[in-house]
Amino acid sequence: MRLLLAQLGQPYERVPIDIFAGETLSEEFPRRNPARTTPVLEIGGGACLPESPAILFYLAEGTAYLPDDRLARAQVLRWLVFEQTAVIPTMGGLRFRLMTGRLQADDPDARRRYDGGQQVLELLDEHLRDRAFLLGEHYTIADMANHAYVHVAGDAGLDLARFPAVAAWLGRVAGQPGFINDLEPYPANARAGAGSSIYG
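Okay, so the sequence shown: first residue is 1064 according to our numbering, each after it adds one.
Okay, here's the thing in structure tokens:
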């Protein structure tokens, strides 16, 4: 979301929410998002929009990052779903669990997520061998969404050097005008047992 806002040059106010300090567990937070997750876009007039793919779709409407063509828009949606259902549960989830001490690399769940991450990267590598971006030559929010966890797959023990088309795509994404990488490390209270959140 912040990458899209940066590339659009759109001003916004960032309100930090410490999920590991239990801030999404407050009585007030479900008014913004009953699922108690972040991010949430506060649009104004009391309207709030949770879930990264929905936020990206909303912010990108009418811009070059979301095509007008019906099929192309459906393809963007396809890749946003892919990020949520394939990328996050495998390499994204494994990265979080390894870096916060919830899993060790040899745990069965870690091995399952690692194997799933390998399959995701194989699929992406095959798809990107003859394409600059996920939708061909057109850089979209589909690339932004999938870049988020794929570019840190190494933190999950996955070797991006084995996937040259993916590595080249990551480089092209990073070379886009206005690109930022403001990924922050997990705070100390993200460690297993150190905080209070929906993640245990």
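Where a beta carbon is used, it is the ideal one built from N, C-alpha and C, also for glycine.
With respect to the C-alpha of P1102, the residue from A1257, P1116 and G1256 having the closest C-alpha is P1116. Within its own chain, the residues whose Cβ lies closer than 8 Å to the Cβ of D1172, once the five positions on either side in sequence are excluded, are R1160 and L1166, listed in chain order. When the five nearest sequence neighbours on each side are left out, the beta carbons in the same chain lying within less than 7 Å of the beta carbon of G1180 are those of T1153, M1154, L1157, A1216, A1219 and L1221, in order along the chain. Less than 8 Å divides the Cβ of A1084 from the Cβ of G1258. By the C-beta density criterion, I1204 is buried, having at least 16 other C-beta atoms within 10 angstroms. Judged by DSSP in its simplified three-state form, A1110 adopts strand.
One alpha carbon belongs to H1210, the other to N1244, and they sit about 10 Å apart. Here F1226 is buried: its Cβ has 16 or more other Cβ atoms, across all protein chains shown, within 10 Å. With respect to T1087, S1260 sits close: the two C-beta atoms are nearer than 8 Å. From the listed residues E1124, L1067 and E1185, the smallest Cα separation to A1230 is found for E1185. Within the model, the alpha-carbon separation for F1120 versus A1208 is close to 11 Å.
In the three-state reduction of the DSSP assignment, V1229 falls in the helix class. With a threshold of 16 other beta carbon atoms within 10 Å, V1236 meets it and is buried. Under the three-state reduction of DSSP output, V1215 falls in the coil class, being neither helix nor strand. Distance from the Cα of Q1182 is smallest, within the candidate group R1194, V1213, H1201 and F1196, for V1213.
Look at L1143 here: in three-state DSSP terms it is helix. Looking from the CA of T1163, the closest CA among L1071, R1254 and R1065 belongs to R1254. Within 10 angstroms of the beta-carbon of Q1070 lie 16 or more other beta-carbons, which makes it buried. Counted as a single uninterrupted DSSP element, the alpha helix (DSSP H) harbouring L1187 occupies residues P1171 to L1191.
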